[in-house]
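If you read the sequences in order, they're chains A and B.
Numbering of the first sequence is given in the numbering used here, commencing with residue 51 and proceeding in unit increments.
Numbering of the second sequence is given in the numbering used here, commencing with residue 846 and proceeding in unit increments.
Every residue gets a Cβ at the ideal spot worked out from N, C-alpha and C, and that includes glycine.
Have a look at the structure below before the remarks.
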Amino acid sequence: MPVAELRAVTKNYGDVRALAGIDLEIERGELLALLGPNGAGKTTAVRILLGLNSPTTGRASVFGHQPASQAAKLRRGALLQVARVPETLRVREHIELFSSYYPKPLALSETIAIAGLAGIEKRLFGDLSGGQKQRVLFALAICGNPDLLFLDEPTVGLDVESRRALWSRIRAFLARGGSVLLTTHYLEEADALASRIAVINKGRIVAQGTPTEIKARTAQTGLEDAFLELMKQEVY
Amino acid sequence: MSRVYWMEAKSEFLKLLRMRVYSMSTIMFPLMFYCFFGLAMGRDRQPGMPMSAARYLLATYGAFAVVGATLYAFGVGVAVERGLGWMQVKRASPMPRAAYFVAKAAVATTFGAIVVTLLFTLGGVFGNVHMPAAQWLSLGAVLVAGAVPFCALGLAIGSFAGPNSAPATVNMIYMPLSFLAGLWIPIDFLPHGLQQLAPFLPTYHFAQIAIAMLHAPSAGTIAGHVGALAGFTLIFAGVAWIGTTREDEKMYG
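In structure tokens form, the structure reads like this:
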């Protein structure tokens, strides 16, 4: 049984169709990368699996529960794109608050170590650099010791070094047996991390498979070329 | 479960306390105005007045303080956290949704109570205000309880205002609501036409109850004012509910 799935999900915002019938499964222990250009429907798919939006038609479930249910929430964590986080709380206070939402959170010291925040626990969030802020958001996503992690474009705006550091934290989470849904428009990121890639465009899944399969399907060598090829086919 | 509420309230308190714009404006404005109008000009009872301005204005600036503490905490706080995505992170987490609102209400009320205490201290020490303990307590209790409708009003504002325009929106509502209800200068000194308008404002009913605690002449009955405030609370809560449920239809890529 997949840890999370979308079945024939559509989502309309007024007249705009963000998802046009999507099937998606995240299997235990895998990292599924949802890859696509801006506005393709990636964030909408994640928001439905987080219970923040309901599908117009179709069905979504997380660990067999409704995405908005407490049972689902307790077993997952999420790093979302957020424009501003309360800046006058210290790193440690943010983590302690989120840890209190879960019955069996990681120890504070463990969360700090995993997220790479040692030495800056006492800093106010507003005084952190972009990379450090993103690490705090990662800490909030994993502090509840979840089995499933949603990462919505987690490395946007990060420099190469911070991006690679976050990749290794994601790999460490997978090594502990966790499952991940990652959305990204960085092809390199999907190639480096994903066990499986679903390419999404205009609200539809246009290709799905391992990074190697995706490349083979379009007879291109690099994933970037494959991606462009798939987008072209979609445009007709 | 109760630990979540405690942690949420503690975080909210620290967050606001360190946010100078909040702590300074909610604490300093009422104290400053009270110093000008209550202490500098009104320590002695004027002929024909039932009591000194220093005493009367404790009730109205106390109300002003509580309204400010709640409107800024909710109106600006919710608008910013909703508009810039933070509330989504909270909603995706297992935080009980009520904890967010209960913590905000508790902390805003606490800030209101702190300012009321400071006002009382000013009035008692420098304003020559002497009252039986029971009267201080009943006035304090009324002022703190008055936070309820204004938490709801703040939530209603915060559910509709944009994150950048929220502070201005709150001021555009807070200042007229205060002036027109007689929180700055006693309502009897306002032009007759404006006095007719006052009963349509929640601040008016709040102030009338507070003034009644001082045994100053007040209009209407306490039960009537409480009923009016309950009605306002329901309306504001309804508006807030519409605002928060509307959020689901916002577009995401």
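For a cut-off of 8 Å, the C-beta gap from A/ALA189 to A/SER111 is around 27 Å, too long to register as a contact. Under the Cβ criterion of 7 Å, B/SER856 is counted among the residues facing chain A. Comparing alpha carbon positions, the residue from A/GLY253, A/TYR236, A/GLU211, A/PRO196 closest to A/GLY227 is A/PRO196.
Taking the C-beta atoms as reference points, A/THR138 is found no nearer than 7 Å to B/LYS935.
Look at A/GLY194 here: in three-state DSSP terms it is coil, with no helix or strand label. Straight-line measurement puts the Cα of B/TYR917 at about 12 Å from the Cα of B/MET1017.
Among the residues facing chain A, B/GLN1053 is not included, as its CB has no counterpart in that chain under 7 Å away. Counting of Cβ neighbours within 10 angstroms places B/PHE1045 among the exposed residues, the total staying below 16. The Cβ atoms of A/ALA240 and A/LEU85 sit closer than 7 Å to each other. Among the residues of chain B, none has a CB under 8 Å from the CB of A/LEU178; the nearest is roughly 15 Å distant. Scanning chain A for C-beta atoms nearer than 7 Å to the C-beta of B/SER938 yields LYS123, PHE148, TYR151, reported in chain order. Between B/GLY999 and B/VAL911, the CB-CB gap reaches or exceeds 7 Å. As the crow flies, the alpha-carbon of B/MET869 is around 39 Å from that of A/LEU216.
For A/VAL132, the neighbours in chain B by C-beta distance under 9 Å run, in chain order, LEU929, GLY930, TRP931, GLN933, VAL934.
Under the 7 Å criterion on CB atoms, A/ALA248 is classed as non-interfacial with respect to chain B.
Under the three-state reduction of DSSP, A/ASP209 is assigned to coil, being neither helix nor strand.
Among the residues facing chain B, A/VAL53 is not included, as its CB has no counterpart in that chain under 7 Å away. Contacts with chain B at 7 Å (Cβ-Cβ) include A/LEU102.
Counting the other CB atoms within 10 Å of its CB gives A/ASP202 a total of 16 or more, which places it among the buried residues.
In the three-state reduction of the DSSP assignment, A/ARG134 falls in the coil class. The alpha carbon of A/ASN251 has as its nearest neighbour, out of A/THR107, A/ALA90, A/PRO117, A/SER229, the alpha carbon of A/ALA90. Counting the other Cβ atoms within 10 Å of the Cβ of A/ASN88 gives fewer than 16, which makes it exposed. Within the segment 922-993 of chain B, no beta strand (DSSP E) run of at least 3 residues lies entirely inside it. Inclusion of B/ALA904 and B/ILE1056 in the CB contact set at 7 Å is warranted, their separation being smaller than that value. A direct Cα-to-Cα measurement between B/ALA914 and A/ARG142 gives close to 27 Å. Any Cβ of chain A closer than 7 Å to the Cβ of B/MET869 would place that residue at the interface, and such an atom is absent. CA-to-CA, the gap between A/LEU208 and B/LEU964 works out to about 49 Å. A Cβ-Cβ distance of about 37 Å is found for the pair A/THR161 and A/THR106, leaving them out of contact under the 8 Å criterion.
Taking the Cα positions, B/LEU1028 is about 37 Å away from A/LEU174. Interface with chain B (7 Å Cβ-Cβ cutoff): A/PRO136 is included. Straight-line spacing of the CA atoms in A/SER119 and A/GLY101 works out to 8 Å. Think of a sphere of 7 Å around the beta carbon of A/GLN120: the chain B residues whose beta carbon falls inside it are PRO939, in chain order. Looking at the backbone, the Cα of A/SER245 and that of B/ILE872 are separated by about 55 Å. In this structure, A/ARG126 lies near A/LEU198, with their beta-carbon atoms less than 7 Å apart.
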